[in-house]
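Just so we're aligned: the sequence shown equals residues 1 to 416 in the working numbering. Everything on this sheet refers to the single structure shown next.
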Amino acid sequence: MALIVHKYGGTSMGSVERIKNVAKRVAKWHKAGHKLVVVPSAMSGETNRLLGLAKEISAQPDPRELDAIAATGEQVSVGLLAIALREQGIEAVSYAGWQVPIKTDSAFTKARISDIEGTRVLADLDAGRVVVITGFQGIDPDGHVTTLGRGGSDTSAVAVAAALNAEECLIYTDVDGVYTTDPRVVDEARRLDKVTFEEMLEMASLGSKILQIRSVEFAGKYQVKTRVLSSLTDPMMSLDEEMCSGTLITFEEDEEMEKAVISGIAFQRDEAKITVRGVPDRPGIAYQILGPIADANIDVDMIIQNQSVDGKTDFTFTVPRGEYQRAMTLLQSNVKDHIAAADVLGDPKVSKVSVVGVGMRSHVGIASKAFRTLSEEGINIQLISTSEIKISVLIDEKYMELAVRALHKAFELDQA
Ligand code: ADP
Ligand code: ASP
Ligand code: MG
Numbered sequence: 001m002a003l004i005v006h007k008y009g010g011t012s013m014g015s016v017e018r019i020k021n022v023a024k025r026v027a028k029w030h031k032a033g034h035k036l037v038v039v040p041s042a043m044s045g046e047t048n049r050l051l052g053l054a055k056e057i058s059a060q061p062d063p064r065e066l067d068a069i070a071a072t073g074e075q076v077s078v079g080l081l082a083i084a085l086r087e088q089g090i091e092a093v094s095y096a097g098w099q100v101p102i103k104t105d106s107a108f109t110k111a112r113i114s115d116i117e118g119t120r121v122l123a124d125l126d127a128g129r130v131v132v133i134t135g136f137q138g139i140d141p142d143g144h145v146t147t148l149g150r151g152g153s154d155t156s157a158v159a160v161a162a163a164l165n166a167e168e169c170l171i172y173t174d175v176d177g178v179y180t181t182d183p184r185v186v187d188e189a190r191r192l193d194k195v196t197f198e199e200m201l202e203m204a205s206l207g208s209k210i211l212q213i214r215s216v217e218f219a220g221k222y223q224v225k226t227r228v229l230s231s232l233t234d235p236m237m238s239l240d241e242e243m244c245s246g247t248l249i250t251f252e253e254d255e256e257m258e259k260a261v262i263s264g265i266a267f268q269r270d271e272a273k274i275t276v277r278g279v280p281d282r283p284g285i286a287y288q289i290l291g292p293i294a295d296a297n298i299d300v301d302m303i304i305q306n307q308s309v310d311g312k313t314d315f316t317f318t319v320p321r322g323e324y325q326r327a328m329t330l331l332q333s334n335v336k337d338h339i340a341a342a343d344v345l346g347d348p349k350v351s352k353v354s355v356v357g358v359g360m361r362s363h364v365g366i367a368s369k370a371f372r373t374l375s376e377e378g379i380n381i382q383l384i385s386t387s388e389i390k391i392s393v394l395i396d397e398k399y400m401e402l403a404v405r406a407l408h409k410a411f412e413l414d415q416a
């Protein structure tokens, strides 16, 4: 008998029929003798709908209230799933994040989990109940409801699995695993049986929305055995078959994985680029530019600064497109008041495309092959950043899908 955590995403919970199927699958696992904790998302479209209501009332809604609203989507899901489980003859209990409690910091709309108290859940499991816990939400030290950022139910599930020392965390979604790239963009994308933790971390951080990055970080930190698989298969398929399906995130690289130089192409559609021109090249300037941005809790992604020739340089960085206006406003007043820079330019219509693979460490020529592929398609590269296992380029958003397809083909990711 093992303790297993299941996570079901929005599409998997998307209708009453789908919720009944989730309940059948969970009941099957429970009847096989396992202890089950289930972490569902809100029904698909629900979080957007809720946030949309707030935005209809205010252009800049208060983040605390946004979290109070958004958290209700998952609250409905847990209740419905617990009821569906009871219909399957399973004793089930639902909890909101604060009831567990799942403790977080106070960064509304993107809170981080600090601690999960497992006593109550473990007592229910010992009593033979299936425990259904809201994804995406927690409670801060002052008792306010928080949410973990879009896609945050993945993180809730893996964090719960880590806190309860679960044997495995199964992330059920609307595709049957992790692919070489988003199968909705490239038809030839191929499912990977295994992906290394490092590659998954890069892919998630570079925009693959299949898993929220913090869930991968938790999986790595606590060595949680995590598998991504489909919720849209026959819920009564055998457990053995289910356990071999999907994609396993592994913590060890085997020979086969080293042979594959590139494992995937990731992309981030909604980026924005900001350039501060004519910045005086002196100590402290990067901090002066980015400090206020960080203080405003805006995530900065790529940062590029060239060497100065005449004591002046250009400083470019990227932020999520949704934060573009806020970042520009902050920077413009900062430049005017404190930095003797020439001006601030921005482009909110850029995308980032990245080539990822652990095999890159031991192979040369990957970057030049990527650059040649993009040049053959006539795509201009605006920024480049690299690490040991990835190459990212920032390009005009209108070429994003073309770039992803061209790179997927050039690196022969369609071939097993
Ligand atoms: P859920 O609601 O289950 O959390 P998401 O929509 O958040 O599901 O994530 C699943 C989606 O991620 C898929 O439908 C797919 O379009 C997208 N995706 C992006 N990159 C990949 C990838 N490399 N492999 C598989 N799916 C991917
Ligand atoms: N419901 C939340 C969202 O739409 C969390 C999740 O689905 O993981 O982002
Ligand atoms: Mg998701």
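All C-beta atoms in this analysis are idealised placements derived from N, C-alpha and C, irrespective of residue type, glycine included. Given the structure is predicted, the values throughout are model-derived calculations rather than measurements.
In this structure, the alpha-carbon of S156 lies about 42 Å from that of D343.
Secondary structure at I90: coil, using DSSP grouped into helix, strand and coil.
Taken from the Cβ of G151, at least one heavy atom of ligand 3 lies inside 7 Å. By the neighbour-count criterion, in which 16 or more other beta carbons inside 10 Å mark a residue as buried, M237 falls on the exposed side. Nearest neighbour of V350 by Cα position, chosen from L80, T318 and R86, turns out to be T318. In the three-state DSSP reduction, E65 falls in the helix class (H, G or I). Look at H408 here: in three-state DSSP terms it is helix.
At a cut-off of 4 residues, the continuous stretches assigned as alpha helix (DSSP H) that sit fully inside the segment 244-272 are 255-259. Residue pairing by DSSP places D396 opposite V350 in a beta bridge.
Here the C-alpha atom of I303 lies approximately 11 Å from the C-alpha atom of D314.
For ligand 2, no non-hydrogen atom lies closer than 7 Å to the CB of F108. Here the C-alpha atom of V22 lies approximately 34 Å from the C-alpha atom of P61. In the structure shown, the three-state DSSP call for H6 is strand. Pairing A27 with L85 gives a Cβ-Cβ distance under 8 Å. Annotation: the segment 68-156 contains the following complete segments of the beta strand (DSSP E) (minimum length 3 residues), in chain order: 92-95, 102-104, 113-116, 130-133, 137-139 and 145-147. Annotated three-state conformation of Q60 is coil, per DSSP. Closest in alpha carbon position to A162, among V185, I113 and E412, is I113. Within 7 Å of the C-beta of I133 there is not a single heavy atom belonging to ligand 1.
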